[in-house]
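Student: Dropping a structure here in structure tokens format, bear with me for questions.
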Amino acid sequence: MKQQSALFFWLLLAPFALWLILLVIIPHIDMLGIALREQVAPRKYVFSVQNFTEFFTEPLYWRTFMRTAVMSILATAMTLIVAFPVSYFIAKMLRGRSKAFLFLLCLIPFWVSELVRTYGWMILLRETGVISNALQYLGLVSGPVELLYNDAAIMVGLVYTSMLFMVVPLVTVLESLQDDIIEASYDLGGNMWTTMRSIVIPHAMPGIVSGCIIVFMMTLGNYLTPNLLGGKDSLWFTEQIYTQFITRFNWELGSAFGILLLLLSSLIVWLGLKLSKQTLTSTMAS
Amino acid sequence: MQSSVIDLETRDVQKHYGDFTAVDNVSLQIEKGSFFSILGPSGCGKTTLLRMIAGFDEPDSGDILIRGDSMLGVAPNKRPANMVFQHLALFPMMSVAENIAYGLRQKKVAAAEINRRVQEALESVDLASSGKKQISQLSGGQKQRIAIARCLVLEPKLLLLDEPLGALDLKLREHMKVELKQMQNRVGTTFIYITHDQSEALVMSNKVAVMNNGSFEQVGEPADLYYHPQTSFVAGFVGDANRWQASVSSVSNDSCTTAVANGPQLRAKTAGASRLAVGDLADVFVRPEAIKILQNSQSPAETDNHLQCRVVDLLFNGANSSALLEELATAKTIHVALPQTGEYLGLQKGEQLQIAWSPEQTHCFKVDS
Numbered sequence: 180m181k182q183q184s185a186l187f188f189w190l191l192l193a194p195f196a197l198w199l200i201l202l203v204i205i206p207h208i209d210m211l212g213i214a215l216r217e218q219v220a221p222r223k224y225v226f227s228v229q230n231f232t233e234f235f236t237e238p239l240y241w242r243t244f245m246r247t248a249v250m251s252i253l254a255t256a257m258t259l260i261v262a263f264p265v266s267y268f269i270a271k272m273l274r275g276r277s278k279a280f281l282f283l284l285c286l287i288p289f290w291v292s293e294l295v296r297t298y299g300w301m302i303l304l305r306e307t308g309v310i311s312n313a314l315q316y317l318g319l320v321s322g323p324v325e326l327l328y329n330d331a332a333i334m335v336g337l338v339y340t341s342m343l344f345m346v347v348p349l350v351t352v353l354e355s356l357q358d359d360i361i362e363a364s365y366d367l368g369g370n371m372w373t374t375m376r377s378i379v380i381p382h383a384m385p386g387i388v389s390g391c392i393i394v395f396m397m398t399l400g401n402y403l404t405p406n407l408l409g410g411k412d413s414l415w416f417t418e419q420i421y422t423q424f425i426t427r428f429n430w431e432l433g434s435a436f437g438i439l440l441l442l443l444s445s446l447i448v449w450l451g452l453k454l455s456k457q458t459l460t461s462t463m464a465s
Numbered sequence: 041m042q043s044s045v046i047d048l049e050t051r052d053v054q055k056h057y058g059d060f061t062a063v064d065n066v067s068l069q070i071e072k073g074s075f076f077s078i079l080g081p082s083g084c085g086k087t088t089l090l091r092m093i094a095g096f097d098e099p100d101s102g103d104i105l106i107r108g109d110s111m112l113g114v115a116p117n118k119r120p121a122n123m124v125f126q127h128l129a130l131f132p133m134m135s136v137a138e139n140i141a142y143g144l145r146q147k148k149v150a151a152a153e154i155n156r157r158v159q160e161a162l163e164s165v166d167l168a169s170s171g172k173k174q175i176s177q178l179s180g181g182q183k184q185r186i187a188i189a190r191c192l193v194l195e196p197k198l199l200l201l202d203e204p205l206g207a208l209d210l211k212l213r214e215h216m217k218v219e220l221k222q223m224q225n226r227v228g229t230t231f232i233y234i235t236h237d238q239s240e241a242l243v244m245s246n247k248v249a250v251m252n253n254g255s256f257e258q259v260g261e262p263a264d265l266y267y268h269p270q271t272s273f274v275a276g277f278v279g280d281a282n283r284w285q286a287s288v289s290s291v292s293n294d295s296c297t298t299a300v301a302n303g304p305q306l307r308a309k310t311a312g313a314s315r316l317a318v319g320d321l322a323d324v325f326v327r328p329e330a331i332k333i334l335q336n337s338q339s340p341a342e343t344d345n346h347l348q349c350r351v352v353d354l355l356f357n358g359a360n361s362s363a364l365l366e367e368l369a370t371a372k373t374i375h376v377a378l379p380q381t382g383e384y385l386g387l388q389k390g391e392q393l394q395i396a397w398s399p400e401q402t403h404c405f406k407v408d409s
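The listed protein sequences correspond, in order, to chains A and B. End of the first sequence sits at 465 in this note's numbering; the numbers just go up one at a time, nothing left out. End of the second sequence sits at 409 in this note's numbering; the numbers just go up one at a time, nothing left out.
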């Protein structure tokens, strides 16, 4: 009996373990190996940190790297600012069917692929797009306006893509906050602002942090949205990795970039957890 | 202790939810320093009334005044009333001291003053050394005391309590009843306490309002409600009572005679506003402890109600022991209190006996058609 349940445990664990080992651990070990070598002759490699020195000596690389990090943090913060009121409204103000309906509205955009959604933004924002035409029709601008291919367009696209992944943990954590605790805060003389700051946000912290981690990682590793909405000027670090692997066949440098991106996201998530005084376990449990 | 200052007054307060009338024309006056309970079954509108006093709901019509000032349109955070919630609603993200300091911080009281008053509040509930503890480290009774201290530190004119003892186990609840009553005596703040537990209301209060279907049935002192109920609902809800439905066969000044279908004649006192006429259907109530079990040799007094019964069961519960009897003629079940004085030790299941009680302790109300 005991043996049987142990067998079941391993059988259930097997798909996850295989996925983790084959698709995450082995590729990363291999990538680290590739990143730490240099081609000295055809099919002849030696150990070297040259790929990493190249990253730090070439300003384009590390500037793109830093820009991606800063933009991702900014996009995460903006997603949080937009998603928090929405989540609060869904979790605390609505009841029954209207709650389910609004939650569904947040979900519906994810029934189409990210590519199609991004094209939707392009249709709205491009020079001959809906917004440009509407502005001209209303006489607010004299000629067509290009709203695509700038940082603001990238930001809008990233926030839009990430919304659901922020709303879900926030709604979950806010629903677990009992109404009478909010009422007690008002009863004791608190106003909306102090109630938010002292009661709601401290309670929602695990949800806020887990939402931010997910959104930050998704944004940092996003390729499609910055590329399509930002065009050539987007300068997203994932594009550099793509270029090294696909355009320049420089797997060594591409791997080094990949490793650096992994280190960067781990570092920023760690910093975020430290600053918000949360642990990864408490965050993921919410 | 009592003065003529009115701390809370409600005038014809009404609240509807769609077609449902939650609170129907409730008017009351509560004197400063009293312990006022609102007692009623769940769904009677008592919570809605309390939430309107606290400011979480607005009445559809009528007025609520605290110390003579109308509270209509005044937000809960601006009212001089604080609430102890049913599940206490202590802030789990703060320490005990921070919980108590919360209201003072909202009032922008100076930090040193806050510390002093928080310490005083903690001492007043015998938890002086618990300030640094987390809420989860407290026991049920301690949480209770912190929830009350958190309100009292603000020196409100009214303290509203929404069945705060409901979640406690029996022993602790009995203890907290006495503690709450003593605390109220000590601080002198007006307490408004809502509960469905009649024993809580009777033990603690100066005055109790019995509420049913959104309106007050009777307002009075606990003993008054118990011995002189004015409506059928109060007689049935406050304390235990045996109840018959009977038709009125004769009426005199303040008493009447009723006949139970195929059963006994019962003489009773007519109470309150209910005007009885011959032929009316009436509810007749008698308390278990008002009924005497007659020994073999005794015979009932001339005017007493008396019935022939058989013992169905004996329910031993210490001081609250009772006997379950069955009336021979109608097979109606009757509860009779058994004082544990040794007098009734010989009582056996199946035994036949006679019971009797005075019409003075029998209450009769017209059944509303």
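We put the beta carbon where it would ideally sit given N, CA and C, even for glycine.
#1: Just the C-alpha distance for B/Phe76 and B/Gly58, rounded to the nearest angstrom, thanks.
#2: Using a Cβ-Cβ distance cut-off of 7 Å, determine whether B/Asn360 contacts chain A.
#3: Determine which residues of the stretch 139-150 of chain B have a Cβ less than 7 Å from any Cβ of chain A, and write them out in chain order.
#4: Contact criterion: CB-CB distance below 7 Å. Does A/Pro381 meet it with respect to chain B?
#5: Return the CA-CA distance between B/Met41 and B/Ala151, expressed in angstroms with no decimal places.
#6: Excluding the five sequence neighbours on either side, which residues of its own chain have a C-beta within less than 8 Å of the C-beta of B/Gly113, listed in chain order?
#7: What are the boundary residues of the beta strand (DSSP E) that includes B/Tyr34?
#8: Put B/Val278 into one of helix, strand or coil per three-state DSSP.
#9: Does the beta carbon of A/Ala363 sit closer than 7 Å to a beta carbon anywhere in chain B?
#10: Given 8 Å as the limit, is there contact between the stretch 188-196 of chain B and the stretch 158-167 of chain B, that is, 3 or more CB pairs closer than that?
#11: So A/Ile392 and A/Thr297 are supposed to be a Cβ contact under 8 Å. How far apart are they, rounded?
#12: Just to confirm, is the Cβ distance from B/Ser362 to B/Leu378 under 7 Å?
#13: Can you tell which of B/Cys349, B/Gly260 and B/Lys197 has its C-alpha closest to the C-alpha of B/Ile46?
#14: Cα separation between A/Asp412 and A/Ala254?
#15: Quick check: what's the CA-CA separation for B/Ala168 versus B/Gln182?
#16: Are the Cβ atoms of B/Phe4 and B/Glu257 separated by less than 7 Å?
#17: Taking buried to mean at least 16 other C-beta atoms within 10 Å of its own C-beta, is A/Ile420 buried or exposed?
#18: From the DSSP output, which residues share a beta bridge with A/Thr236?
#19: In angstroms, rounded to a whole number, what distance separates the CA positions of A/Trp198 and A/Met245?
#20: With distances taken from CA atoms, which of B/Glu342, B/Met133, B/Leu199 and B/Val376 is nearest B/Gly228?
#21: Would a check of beta-carbon distances place A/Ile360 closer than 7 Å to chain B?
#22: Taking C-alpha atoms, which residue in B/Gly108, B/Gly279 and B/Gln348 lies nearest to B/Glu240?
#23: State the start and end residues of the unbroken beta strand (DSSP E) segment that holds B/Ala308.
#24: Taking only runs that begin and end inside the stretch 105-139 of chain B, name each unbroken beta strand (DSSP E) of 3 or more residues, in chain order.
#25: Per the contact definition of three or more C-beta pairs closer than 8 Å, is the stretch 49-63 of chain B in contact with the stretch 102-109 of chain B?
#26: Can you tell me where the alpha helix (DSSP H) holding B/Asp66 begins and where it ends?
#27: Should A/Gly275 be flagged as near chain B, meaning a C-beta pair shorter than 7 Å?
#28: Rounded to whole angstroms, what is the Cα-Cα separation between B/Leu90 and B/Phe96?
#29: Can you give the Cα-Cα distance for A/Trp449 and A/Asn406, rounded to whole angstroms?
#30: Answer yes or no: does any C-beta atom of chain A fall closer than 7 Å to that of B/Met41?
#31: Would you say A/Gly386 reaches chain B, if we count a Cβ-Cβ gap shorter than 7 Å as a contact?
#32: Is the beta carbon of B/Val291 less than 7 Å from the beta carbon of B/Leu265?
#33: Under 8 Å Cβ-Cβ, which residues of chain A neighbour B/Leu194?
#34: At what residues does the alpha helix (DSSP H) containing A/Glu431 begin and finish?
#35: Classify B/Asp344 as helix, strand or coil using the three-state DSSP reduction.
Tutor: The structure says:
#1: Rounded to the nearest whole angstrom, the CA to CA distance from B/Phe76 to B/Gly58 is 30 Å.
#2: Chain A, which has no Cβ nearer than 7 Å to the Cβ of B/Asn360, makes this no.
#3: Correct list: Tyr142, Gly143, Gln146 and Lys147.
#4: For A/Pro381, the answer is yes, since a Cβ of chain B falls inside 7 Å of its Cβ.
#5: Low confidence applies here, because B/Met41 scores a pLDDT of 44, under 50, leaving its location unreliable; read the following figure in that light. Note on geometry: alpha-carbon atoms of B/Met41 and B/Ala151 lie some 34 Å from one another.
#6: Spatial neighbours of B/Gly113 in its own chain (CB-CB distance under 8 Å, excluding positions within 5 residues in sequence) are listed in chain order as Glu98.
#7: Past the boundaries of the shown model lies residue 34 of chain B; chain B is included only from 41 to 409, so the question cannot be answered.
#8: Annotated three-state conformation of B/Val278 is coil, per DSSP.
#9: Taking Cβ atoms only, chain B reaches closer than 7 Å to A/Ala363, which makes this a yes.
#10: Enough Cβ pairs lie closer than 8 Å, so yes.
#11: By a beta-carbon distance limit of 8 Å, A/Ile392 does not contact A/Thr297. Their separation comes to about 23 Å.
#12: In this structure, B/Leu378 lies closer than 7 Å to B/Ser362 by Cβ.
#13: Nearest C-alpha to B/Ile46: B/Lys197.
#14: As the crow flies, the alpha-carbon of A/Asp412 is around 17 Å from that of A/Ala254.
#15: About 11 Å.
#16: The requested residue 4 of chain B is not part of the displayed model; chain B covers only 41 to 409.
#17: A residue is called buried once 16 or more other Cβ atoms fall within 10 Å of its Cβ, and A/Ile420 is buried on that count.
#18: The bridge partners DSSP lists for A/Thr236 come to none.
#19: In this structure, the alpha-carbon of A/Trp198 lies about 31 Å from that of A/Met245.
#20: The shortest Cα separation from B/Gly228 among B/Glu342, B/Met133, B/Leu199 and B/Val376 belongs to B/Leu199.
#21: For A/Ile360, the answer is yes, since a Cβ of chain B falls inside 7 Å of its Cβ.
#22: By alpha-carbon distance to B/Glu240, the top candidate from B/Gly108, B/Gly279 and B/Gln348 is B/Gly279.
#23: In the DSSP annotation of this structure, the continuous segment of the beta strand (DSSP E) that includes B/Ala308 starts and ends at Gln305 to Thr310.
#24: Under the rule that a run must span 3 or more residues, the beta strand (DSSP E) segments found entirely inside the stretch 105-139 of chain B read 121-124.
#25: With the cut-off at 8 Å, the stretch 102-109 of chain B and the stretch 49-63 of chain B touch.
#26: For clarity, residue 66 of chain B is Val in the given sequence; the question names Asp instead. That residue, B/Val66, is in no alpha helix (DSSP H); its beta strand (DSSP E) goes Phe60 to Glu71.
#27: For A/Gly275, the nearest beta carbon of chain B is not closer than 7 Å to its own beta carbon.
#28: Rounded to whole angstroms, B/Leu90 to B/Phe96 spans 9 Å at the Cα level.
#29: About 28 Å.
#30: Its pLDDT being 44, under 50, B/Met41 is placed unreliably in this model, and the value from its coordinates should be taken loosely. So, not an interface residue.
#31: No, no contact with chain B.
#32: No, the pair does not count as a contact, with Cβ atoms beyond the cut-off.
#33: Against B/Leu194, the close residues of chain A are Leu367 and Gly368, in the order they occur along the chain (beta-carbon pairs closer than 8 Å).
#34: Start and end: Trp430 to Leu454.
#35: Coil.
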